[in-house]
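The sequence shown runs -19 to -1, 1 to 918 under mature numbering (1 follows the signal peptide of the UniProt record, and there is no 0).
Ideal Cβ placement from N, Cα and C applies to all residues, glycine included.
These numbers were taken from a predicted model, which means no experiment stands behind them.
The structure appears below as structure tokens.
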Amino acid sequence: MATLFNLICCCLLISDVFAVSRDNFKTCDQSGFCKRHRAVAAGESPYVVLMESLKIQSTSVQVQILNTHNNVRLLLELYGLKENTARLKINELNPIKPRFEIPLGDTLVGEPKQQGLKIIDKSDQSVTFSLENNKIVLTSKPFRLDFFAEGDHVVGVNAQGLLKFEHLRTKPEPKPAEPDNEEKAEGEESEEGENAEEKKEEEVVAETQDQPSEEPDMWEESFKGFADSKPNGPASVGMDIGFPGFEHVYGIPEHAETLALKSTKDTDPYRLFNLDVFEYELYNPMALYGSVPVMIAHNEKRTVGIYWNNAAETWIDIRSNVADKTFLSKVADLVKGSSDIPQTDTHWFSESGIIDLFIMMGPSPKQVFKQYAVLTGTTPLPPLFAISYHQCRWNYNDQDDVKNVDANMDKFQIPYDVIWLDIEHTDGKRYFTWEKDKFSHSEDMINNVASRGRKMVTIVDPHLKKDDNYGVYADCKNHGLSVKNKDGGEYDGWCWPGSSIWPDFLNPDIRKWWAGKFAYDQYKGSTPDLYIWNDMNEPSVFNGPEITFHKDVKHFGDWENRDIHNLYGMYVHHATGEGIKLRSNNQQRPFVLSRAFFAGSQRSGAIWTGDNMGEWSHLKISNPMILSLNLVGITFSGADVGGFFRNPEPELIVRWYQAASFQPFFRAHAHLDTKRREPYLLEEKQMKISRDAIRTRYTFLPYWYTLFYFGERDGGPLMMPMWVAYPEDKSTFQMDDQFLVGSSLLVKPITEAGGTGTSVYFPGQDEIWYDILTQETYNGKESHYVNAPLEKIPVFQRGGSIIPRKMRERRSSGLMHYDPFTLIICLDKNGAAEGDVYVDEYDSYQYRSGKFILKKLTFKNKVFESSSAVQSGKLDTKEWIERIVIIGYPQKPNAATLQSGKNTIMSLDTVYDSKTKTVTVRKPGMNIADDFTIKLS
């Protein structure tokens, strides 16, 4: 009977999840530490630097900070780092127990390389350091730290005095009951001499010290009936970080928000706390599935960034302000100009851990991306199938359903690469298993799909059904591998299978254990063509506070969930990716999609924006959401085509396919209760338009693949805001309804019902942009209305660029490996263009041993040249160049002559279209690996 009662409760909780409201999730007023930090008054900082404690080394500085209200001392460490970066760490000088710091190698790829830090000025009140071309000023009373880049004040730390570092302490004994008035009077009369002096001193301390009894929720609090015990008491840290000269800041995903972050003066702060938020609302600072505590500030002169390396729940307030002229006057020799400058002030506070702040000084957007990539890594080059089109649904019912979807995609000539199975494919939500009646021959099913160059993906969530006959659970239970409750027992929660446990992924050994579960003899019925999807890894706990772990859940090392919460999903993702690599002895690249993420998750694979809705507003918000992810390194990201919930109208589905075909991760997905909406089920007109969008994605795969290669090598976004490529153009700073793919494609999706056209801003002084369908041209630094009937998404190629494409229609990317290239050359006003094309085996790690081709493509003075950009190992490929299309060429050429090597010269056929000013050079026939030139005359 108890089991039935629990099951009913679970179902009610699941129902509540689907009908989510803000009430399920905390506001700042319902969070004790958030209230405490927001209540700190600006300009009244009790923290001072004890200059006599200053210790200087060649690349670092240590100094103590005193909280004059309670005499607690902190240790400040400042490091100069390579790549124009600084690191600031603040911890307790003598904590009663260690505070959590993220283990090296988890978010940071390794120990950051240090750079010389030199004192150039010192007084009793301040000390100035140089770091490359930058200056750092440490001020004593009150403590503040300011960063200057080439004379410009760019970052101010604790300039408003909002530093609050809650030191660890023992819980105070309950105060005795207050005596009645008569007893109190007698006590006061008997107070004399030394006792009176002691009481007087205690009163002074009580007036100045942070008293646990004077602030709420420091030792326990509750939310919606869930008790949160705090055995370690208050441990939060917070500090203000200002950006003088900057009006716009970006980043700190994940939020369903505009690209340029808004002031939180009249709202809650932006929250970073990984949560399962079904049917999330738009344009508010609520937390969503993932957290990346990286913020980028940009103006027309420079770009800077910060990374707040803390995995606990974090809130960020944002305000517009004017730079502190009083402080600037004190350091006038470091500042260029004296006029008022705008400033964006931010206030960061986390529930536990330490302050570990990286300041990335740019000065360009690309340099900030590089600086962050050096710290946390880049997105590894995915296999080609992973950046193609994915077909998914909760759920494809059985093997026949999979077979029919696969056949219908072929019947209607719609290319796709991956078909997905959601939770219903398992035996009673037991992951790594198959539903015996519906998927009895899983290997045959996967092999059938793979025979056409395709793959399959199954879902593997981190919750394990409590069933002693379920091998994965039994193994986890018997070896004590799960997270524990506050009393040390096995933590039990509810998710899709009912009563469940969760492996403790904070433990590296447990991550190895999990990775081993993907071996073919462990995951029976899997094959090399099966890949993985991690969902619910925030983690989602249906009967937990805010639908996740209790904060006092215990992890490896006796750390509470409050210390490490935002890391959990990243650990699941990473361990799964390692498991897929181990299947091939680290020879084949993995593909793993994750919903939860943190800084560094980009190293493990793809991310999607979670359970969106089939509404126009969610199509529109997908663009700034993915742009924000790309800015902070999560480049392999996308949103579910059509929306996960609800039944979108056909027009919306078509427009969504068009938009998503130019986003890094391209997957259609839908909820169990929605109508089937595979693209071939649309009416013929909408089906053909959607098919055209998918086919267009496939023609651009060589360009995407080249971008992913450079992304792994250099860092930086693939889908980028306009200001990244045009950093001096202020009109682009808040623009998030159009974007760039690489630097060569401009995309303006139609995101309004009934839209038949849109205004497009074309950036770049003296630049030309070409419509990819009509070759119509548009001048830079101008806005134009562009017609966009249902069959068209406005996309434009930049003049001066060369884009590699493959134009032959295939059923999947696996059948395109040896197809020929078409090189699309769009000339700038000087008749020149350049680009790149990257080729390798498309699925292995051999490229890391030099087995790849990277060609530099140029057109100048009527000569096209393909030359090797780097010295690499030999790659044998049959890929060749079928045609070269030169757009913007003013007149028909008389001849085209190809030269390869010293003596090989031959004439080529050309066709000229005078209307579009396009020369097509037909069948030059050169292998993509060859160096050659083609001269027009």
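Nearest neighbour of residue i, chosen from the options [CA to CA]
| i | options | result |
| --- | --- | --- |
| Q667 | F617, K773 and P702 | K773 |
| D695 | P212, E147 and L356 | L356 |
| E527 | F129, D209, H599 and P478 | D209 |
| P266 | M276, S895, F14 and A237 | A237 |
| G479 | D448, L699 and P93 | D448 |
| R374 | P363, Q348, K392 and E405 | E405 |
| N255 | K99, S712 and Y549 | Y549 |
| S12 | F204, L69 and I101 | F204 |
| L126 | D717, D133, G132 and G137 | G137 |
| Q597 | V522, S111 and G736 | The sequence given here has Trp at residue 597, not Gln. Comparing Cα positions, the closest option is G736. |
| L98 | G86, E64, D105 and L59 | L59 |
| S507 | E424, L47, M517 and K446 | E424 |
| E822 | S794, K16, L462 and R433 | S794 |
| L727 | K36, G738, F743 and A734 | F743 |
| L89 | E260, K843, F420 and R584 | R584 |
| I675 | Q394, W704 and A304 | Q394 |
| Q569 | L47, N842 and S825 | S825 |
Nonlocal neighbours in the same chain, by C-beta distance under 7 Å from residue i, ignoring five residues either side
| i | result |
| --- | --- |
| A910 | I834, L856 and T858 |
| L74 | Q45, R54, L55 and L56 |
| E664 | P631 |
| A814 | G781, S782, I783, I806, C807, L808 and F840 |
| L(-13) | Residue confidence is low: L(-13) scores 44 on pLDDT, short of 50, so the model does not pin down where it sits. No coordinate-derived value is stated. |
Segment limits, beta strand (DSSP E) that includes residue i
| i | result |
| --- | --- |
| Y893 | T885 to D894 |
| F81 | That residue, F81, is in no beta strand (DSSP E); it is neither H nor E in DSSP. |
| H229 | H229 to G232 |
| F845 | V844 to S849 |
| L917 | F913 to L917 |
| residue 935 | A query on residue 935 cannot be resolved here, the shown segment of the chain reaching from -19 to 918 and no further. |
| Q9 | Before going further, note that residue 9 is Cys rather than Gln in the sequence given. Per DSSP, C9 belongs to no beta strand (DSSP E) and is neither H nor E. |
Cβ neighbours of residue i in the same chain (closer than 8 Å, five flanking residues each side left out)
| i | result |
| --- | --- |
| V430 | V383, D387, I400, K436, M437 and D510 |
| T325 | G223, F224, F227, E228, H229, V230, A278, I299, R300, S301 and N302 |
| K78 | L149 and N213 |
| G497 | Q503, G560 and L563 |
| K246 | R300 |
| V622 | I634, W637, Y638, A641, F647, R648, A649 and H650 |
Same chain, Cβ closer than 6 Å to residue i, neighbours up to 5 away in sequence not counted
| i | result |
| --- | --- |
| I71 | L55, L57 and I336 |
| residue 919 | As shown, the chain starts at -19 and ends at 918. That puts residue 919 outside it, with no answer to give. |
| W540 | F81 |
| A313 | Caution is warranted here: a pLDDT of 49 is assigned to A313, below 50, making its placement in the model unreliable, and the coordinate value is therefore given only provisionally. Hits under 6 Å: none found. |
| M32 | S121 |
Distance CB(residue i)-CB(residue j) smaller than 9 Å
| i | j | result |
| --- | --- | --- |
| K916 | T891 | no |
| T439 | I491 | no |
| F578 | I615 | yes |
| F625 | D592 | yes |
| Q746 | G761 | yes |
| R789 | P801 | yes |
| T901 | I862 | no |
| R672 | P629 | no |
| P698 | V741 | no |
| V464 | F530 | yes |
| P605 | T248 | no |
| R17 | P157 | no |
| M551 | S582 | yes |
| S421 | P396 | no |
Terminal residues of the alpha helix (DSSP H) in which residue i lies
| i | result |
| --- | --- |
| N542 | N542 to I545 |
| N389 | Q380 to K392 |
| F691 | L682 to D695 |
| A496 | P489 to G497 |
| H18 | G13 to R19 |
| I634 | P631 to A641 |
| P346 | P346 to T357 |
Residue-level contact to chain B via CB, residue i, 9 Å cutoff
| i | result |
| --- | --- |
| G214 | You won't find chain B in this structure, because it holds only one protein chain. |
Extract the residue ranges of the alpha helix (DSSP H) inside the region 397 to 455, only unbroken runs of 4 or more that lie entirely within it. DSSP runs (the alpha helix (DSSP H)) wholly in the region 397 to 455: 423 to 431.
For the region 699 to 741, which segments carrying the alpha helix (DSSP H) assignment without a break, of at least 4 residues, lie completely within its bounds, in sequence order? Correct list: 703 to 706.
To test your reading of the DSSP string, which unbroken beta strand (DSSP E) runs of 3 or more residues are found completely within the region 29 to 64? Restricted to the region 29 to 64, the beta strand (DSSP E) segments that are unbroken, complete and at least 3 residues in length are 41 to 48 and 53 to 62, listed in chain order.
In chain order, which alpha helix (DSSP H) runs of at least 4 residues are fully inside the region 561 to 627? Taking only runs of at least 4 residues, the alpha helix (DSSP H) segments lying wholly in the region 561 to 627 are 597 to 612.
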